[in-house]
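Q:
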């Protein structure tokens with residue numbers, strides 16, 4: 011008798027935590043889509059501007075002001091060590107690498123607003139692929155969110171209770 015009541019307690023609690031898991035998966039997927047879209051829109055604007063101007067060598071490099079990336083968010087995205095800097099390089103960074111190869115070692119941080127940026131030719135294809143934006147990206151976010159919401163709603167209202175009833179009828 012005691013065993014059956016403990017089993018019912020443990021079987022009735024998972025419906026609450028299972029519904030929480032379903033909604034957390036939904037929320038996490040939507041947040042992930044929004045972050046991916048943000049990365050295509052905001053840092054992508056810098057990359058698309060450099061690609062449109064065909065800035066692919068250190069000799070052609072331009073400052074952040076030249077590509078109208080003056081606001082603090084854009085400058086933050088262009089800082090040393092950011093993920094955007096895997097694609098977008100700075101002329102000063104290239105100069106430091108060449109100086110350190112000659113024997114000088116400089117580890118000076120230069121503010122992003124005074125650096126000159128370009129996209130190396132070997133990174134152009136990767137930049138176009140990663141930062142291109144289309145209406146399909148936005149439509150995919152909206153449709154994906156709606157479809158996943160419908161699936162979560164169906165699971166929450168019909169799937170979980172049916173599964174719990176089956177488990178309780180088998181073990182309860």
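Residue numbers (the numbering used here): 11 to 182. All C-beta atoms, glycine included, are put in the ideal place defined by N, C-alpha and C.
1) At what residues does the beta strand (DSSP E) containing residue 168 begin and finish?
2) Would you give the residue range spanned by the alpha helix (DSSP H) that residue 85 belongs to?
3) Report the residue from 156, 39 and 69 whose alpha carbon sits nearest the alpha carbon of residue 125.
4) Alpha carbon to alpha carbon, how far is residue 39 from residue 147?
5) So residue 123 is in the alpha helix (DSSP H); what residue range does that whole segment cover?
6) Taking 8 Å as the limit between beta carbons, can you name the residues of its chain near residue 167, skipping five residues before and five after?
7) Do you know offhand how far residue 169's Cα is from residue 52's?
8) In angstroms with no decimal places, state the Cα-to-Cα distance between residue 141 and residue 160.
A: On the basis of the coordinates in this document:
1) Counting along the chain, residue 168 falls outside any beta strand (DSSP E), and DSSP gives it neither H nor E.
2) 82-87
3) 69
4) 15 Å
5) Note, residue 123: premise wrong, no alpha helix (DSSP H); not H, not E.
6) none
7) 39 Å
8) 30 Å
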